[in-house]
Ligand SMILES: [Ca+2]
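In the numbering used here, the protein residues as written are 94 to 422.
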């Protein structure tokens, strides 16, 4: 404890006029006249600094004022430019508003044009399909035309063949006609043979039946009618010659009779009576109507002039006649 107390300095106190000082062991040295001079120097330094500051301020103002003014002017100019631009932008905005309607109308028109283009595109596709189809048809037609040309080249040969065929056809028709004629002739021959086999004789499209049983004129006519015939008429010299030759001198009734005792002669099969022709076939002196009872005619002699009138009640052979009618095929 005594050591620590010994290390703490002893305090000293002095009063020098107006100054009171405390110091540790020793009193402060005497300042003398230097302390009196320190105070005015500080004031002068402050004045100098202030003066320098003011001077610097003035200089700076002199230097920077024009620059400052220019800057302000530039700012004003820029502000005016900006205002102008703002005005322009405002004008552009109104124009944009105005143009928006036009743009919308244009958009509608563009959509319409697009729709039209789509329609045209589909039309074009259809046209292309049509063109393809037409092309296919043209190719088919071309092939057919080539076939036509080939056929056209074959026409002369075909024409020659056709001529040959036509000639052959004419020959065939001729042969066919001949065959038909032959067939008709054969049929005719067959018909005639059938009639001949039944006792009929054929002469120039007529059949004649010379009976073997005598009958009165009327009964003979009845018999002939039962065979689709009549007592014969005589219409030509050749027929007369055929009849009297076959009769061979025997008496045969023919189909000539009178309409009543004083009537004219007529043919019972309704053939018109040719008086001039018939006049050549009477036996000279006939018809004499002997006993006023001879109203029917018969062949009596084997000559052209062979007719005689006789009593219709006499029983004589008789000659039936029927025309040849071709039977149905
Ligand atoms: Ca007589």
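Heads up, the beta-carbon is just placed ideally off N, CA and C, and yes, glycines get one too.
Closer than 7 Å: residue i CB and nearest ligand 1 heavy atom
{"i": "residue 419", "result": "no"}
{"i": "residue 383", "result": "yes"}
{"i": "residue 372", "result": "no"}
{"i": "residue 401", "result": "yes"}
{"i": "residue 334", "result": "no"}
{"i": "residue 330", "result": "no"}
{"i": "residue 387", "result": "yes"}
For residue i: DSSP bridge partner residues
{"i": "residue 402", "result": "390"}
{"i": "residue 323", "result": "414"}
{"i": "residue 350", "result": "359 and 389"}
{"i": "residue 277", "result": "DSSP output for residue 277 lists no bridge partner at all."}
{"i": "residue 87", "result": "With the chain covering 94 to 422 only, the question about residue 87 has no answer from this structure."}
{"i": "residue 308", "result": "409"}
{"i": "residue 375", "result": "400"}
Among the options, the one whose alpha carbon lies nearest that of residue i
{"i": "residue 298", "options": "307, 211 and 332", "result": "332"}
{"i": "residue 420", "options": "245, 155, 231 and 278", "result": "278"}
{"i": "residue 405", "options": "383, 231, 202 and 207", "result": "383"}
{"i": "residue 305", "options": "296, 221, 339 and 335", "result": "339"}
{"i": "residue 378", "options": "303, 360, 399 and 335", "result": "399"}
{"i": "residue 296", "options": "242, 416, 186 and 372", "result": "416"}
{"i": "residue 337", "options": "362, 303 and 319", "result": "303"}
{"i": "residue 375", "options": "391, 362 and 360", "result": "391"}
{"i": "residue 335", "options": "233, 210, 225 and 300", "result": "300"}
{"i": "residue 291", "options": "276, 223, 320 and 263", "result": "320"}
{"i": "residue 370", "options": "330, 403 and 355", "result": "330"}
{"i": "residue 403", "options": "360, 241 and 347", "result": "347"}
{"i": "residue 407", "options": "309, 210 and 162", "result": "309"}
{"i": "residue 423", "options": "373, 362, 401 and 141", "result": "Nothing about residue 423 can be reported from this structure: the residues present for the chain run from 94 to 422 only."}
Delimiting residues of the alpha helix (DSSP H) encompassing residue i
{"i": "residue 296", "result": "From DSSP, residue 296 is part of no alpha helix (DSSP H) but of the beta strand (DSSP E) over 293-296."}
{"i": "residue 340", "result": "330-340"}
{"i": "residue 420", "result": "Counting along the chain, residue 420 falls outside any alpha helix (DSSP H), and DSSP gives it neither H nor E."}
Residue i beta carbon near ligand 2 (any heavy atom closer than 7 Å)
{"i": "residue 380", "result": "In terms of ligand content, the structure shown lacks ligand 2 and carries ligand 1 instead."}
Residue range of the beta strand (DSSP E) that includes residue i
{"i": "residue 303", "result": "299-303"}
Counting beta carbon pairs with one atom in the region 340-354 and one in the region 381-398, are three or more of them shorter than 8 Å?
The region 381-398 vs the region 340-354: in contact.
Below 8 Å, how does it come out for the region 365-377 and the region 314-330: are there three or more Cβ pairs, yes or no?
Contact between the region 365-377 and the region 314-330 is established, with three or more Cβ pairs separated by less than 8 Å.
Any 3 or more C-beta pairs closer than 8 Å across the region 306-316 and the region 403-417
yes
Would you check if the region 284-293 and the region 260-270 touch, i.e. whether three or more CB-CB distances between them fall below 8 Å?
no
State whether the region 327-343 contacts the region 392-403, with contact taken as three or more CB pairs (one from each stretch) at a distance under 8 Å.
yes
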